[in-house]
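Novice:
Protein chains: 2
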Amino acid sequence: MLEMIDHHSDRAVYQQVADVVREQIASGELAAGAALPAFKTLALRYGVGIDVVKDAVVVLRNEGLLEVSRGRRARVRSVRAVEVIAAPPHARVSVRMPTPAERRELKIGEGIPVLIVRSDRAETIYAGDRSEVLLQGGP
Amino acid sequence: MLEMIDHHSDRAVYQQVADVVREQIASGELAAGAALPAFKTLALRYGVGIDVVKDAVVVLRNEGLLEVSRGRRARVRSVRAVEVIAAPPHARVSVRMPTPAERRELKIGEGIPVLIVRSDRAETIYAGDRSEVLLQGGP
DNA sequence: AGAGATTTGTACGTATGTATG
DNA sequence: TCATACATACGTACAAATCTC
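Below, the structure is given as structure tokens:
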């Protein structure tokens with residue numbers, strides 16, 4: 019396993035660790051809901067410090083791939099049921115990361131952006147992992 | 019200034035530092051394009067370690083509020099010109115964080131999500147800080 | 001153009017706190 | 001109760017990019 023990490027590469031070691039885990043998620047080797055090995059285990063496996071593993075996990079959490087909470091293993095984020103939002107003609111849809119207040123109110127996890135739908139008067143914000151916008155058109 | 023950080027609060031110190039800077043950005047005290055003080059300066063100002071400042075900056079970078087690069091001060095991200103994307107009726111719009119490959123190809127900064135527009139056949143991905151989607155109106 | 005100072009990035013070490021199982 | 005596991009926070013050191021003179 020140690021061959022997978024090159025300490026002399028231009029790419030940072032913690033990014034290399036993130037790359038390996040990201041690929042394992044993409045390939046299905048780590049399925050949705052699966053727990054990662056403990057940080058300490060990963061650190062030993064790849065021959066790096068705990069901090070490096072922690073930094074790699076932060077990267078993947080901020081990509082929306084992992085759910086991390088204290089006291090339990092990091093888990094591959096499950097795909098959530100998506101609610102389809104109907105938007106009227108002339109509505110505009112944009113995206114950004116939520117503020118901490120929005121994350122609390124909408125119960126949005128780390129690494130999940132929000133969808134913002136603006137019509138003539140109203141502006142509504144949706145959790146990006148549970149919503150998608152359907153553009154209604156026609157007469 | 020030290021009164022702003024409570025080392026005995028339930029809220030983590032690095033989150034408190036992030037809160038202070040976030041509020042300075044929101045209030046305009048730190049304008050778009052403005053450089054933050056050096057990490058070392060902030061650490062002294064708030065009576066915390068360098069790592070705490072670094073962690074706070076990572077939080078704000080991942081919220082899309084700061085641009086950070088080696089050798090130069092962190093800067094408040096400037097609002098970018100937005101290109102309006104016309105989408106046909108029945109197109110669906112969703113959002114997520116980009117993969118590293120997408121970040122490279124579309125030149126997307128840290129903390130910036132992508133907009134995904136799917137019509138019957140095509141799926142197109144746009145940088146979330148430079149694009150918004152407009153539904154073309156009816157007849 | 002070049003040298004040196006500044007600043008952030010990365011990596012490792014250590015310790016303590018707190019939630020989970 | 002107890003062990004496990006992650007979060008936080010202090011420290012140190014060096015590398016690499018940028019800026020200043």
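Residue numbers (our numbering), protein chains in the order written: chain A, 19 to 157; chain B, 19 to 157. Glycine included, every Cβ here is placed at the ideal spot set by N, Cα and C.
1. Would Asp147 of chain B and Arg90 of chain B be called neighbours here (beta carbons separated by less than 8 angstroms)?
2. Using the rule of at least 16 other Cβ atoms within 10 Å of the residue's Cβ for burial, across every protein chain shown, is Val151 of chain A buried or exposed?
3. Report the rounded CA-to-CA distance for His108 of chain A versus Gln154 of chain B, giving the unit in angstroms.
4. Should Ala50 of chain A and Arg79 of chain A be called a contact, given that it needs their Cβ atoms to be closer than 8 angstroms?
5. Across the segment 110 to 118 of chain B and the segment 127 to 145 of chain B, are there enough close Cβ pairs to call them in contact, namely three or more that are closer than 8 angstroms?
6. How many Å lie between Ile43 of chain A and Ala52 of chain A at the Cα?
7. Can you list the residues of chain B that Gln154 of chain A reaches, using a CB-CB cut of under 7 angstroms?
8. Does any residue of chain B bring its CB to less than 8 angstroms from the CB of Ser112 of chain A?
9. Helix, strand or coil, according to DSSP, for Arg159 of chain B in the structure here?
10. Return the CA-CA distance between Ser149 of chain B and His26 of chain B, expressed in angstroms with no decimal places.
11. Distance, Cα to Cα, Val66 of chain B vs Val76 of chain A?
12. Quick check: the Cα distance between Glu123 of chain A and Val100 of chain A, rounded to an integer number of angstroms?
13. Rounded to the nearest angstrom, what separates Asp28 of chain A and Gln34 of chain A at their Cα positions?
14. With distances taken from CA atoms, which of A:Val86, A:Glu141, A:Ile143, A:Val102 is nearest Gly127 of chain A?
15. Going by other Cβ atoms of all chains shown within 10 Å of its Cβ, with 16 needed for buried, is Glu81 of chain A buried or exposed?
16. Just list the beta strand (DSSP E) runs in the segment 27 to 87 of chain A, keeping only unbroken ones of 3 residues or longer that don't cross its boundaries, in chain order.
17. What does Leu133 of chain B reach in chain A if we use C-beta pairs closer than 8 angstroms?
18. At what residues does the beta strand (DSSP E) containing Arg91 of chain B begin and finish?
Specialist: Taking the structure as given:
1. Result no, Cβ atoms of Asp147 of chain B and Arg90 of chain B do not sit closer than 8 angstroms.
2. By the 10 Å Cβ count, Val151 of chain A comes out buried.
3. For His108 of chain A and Gln154 of chain B, the distance between alpha carbons rounds to 6 angstroms.
4. Against a cut-off of 8 angstroms, the Cβ pair of Arg79 of chain A and Ala50 of chain A comes out as no contact.
5. Yes, the segment 110 to 118 of chain B is in contact with the segment 127 to 145 of chain B.
6. Note on geometry: alpha-carbon atoms of Ile43 of chain A and Ala52 of chain A lie some 9 angstroms from one another.
7. What Gln154 of chain A touches in chain B: Pro107.
8. Among the residues facing chain B, Ser112 of chain A is included, as its CB has a counterpart in that chain under 8 angstroms away.
9. Residue 159 of chain B is absent from the structure shown; chain B starts at 19 and stops at 157.
10. Distance between the alpha carbons of Ser149 of chain B and His26 of chain B: 43 angstroms.
11. For Val66 of chain B and Val76 of chain A, the distance between alpha carbons rounds to 21 angstroms.
12. About 18 angstroms.
13. In a straight line, the C-alpha of Asp28 of chain A is about 10 angstroms away from that of Gln34 of chain A.
14. Looking at the Cα atoms, A:Val86 is the closest of the given residues.
15. Classification for Glu81 of chain A: buried.
16. For the segment 27 to 87 of chain A, whole beta strand (DSSP E) runs of length 3 or above, ordered along the chain, are 84 to 87.
17. Residues of chain A with a Cβ closer than 8 angstroms to the Cβ of Leu133 of chain B are, in chain order, Val111, Ser112, Val113.
18. Run containing Arg91 of chain B: 90 to 94, per the beta strand (DSSP E) assignment.
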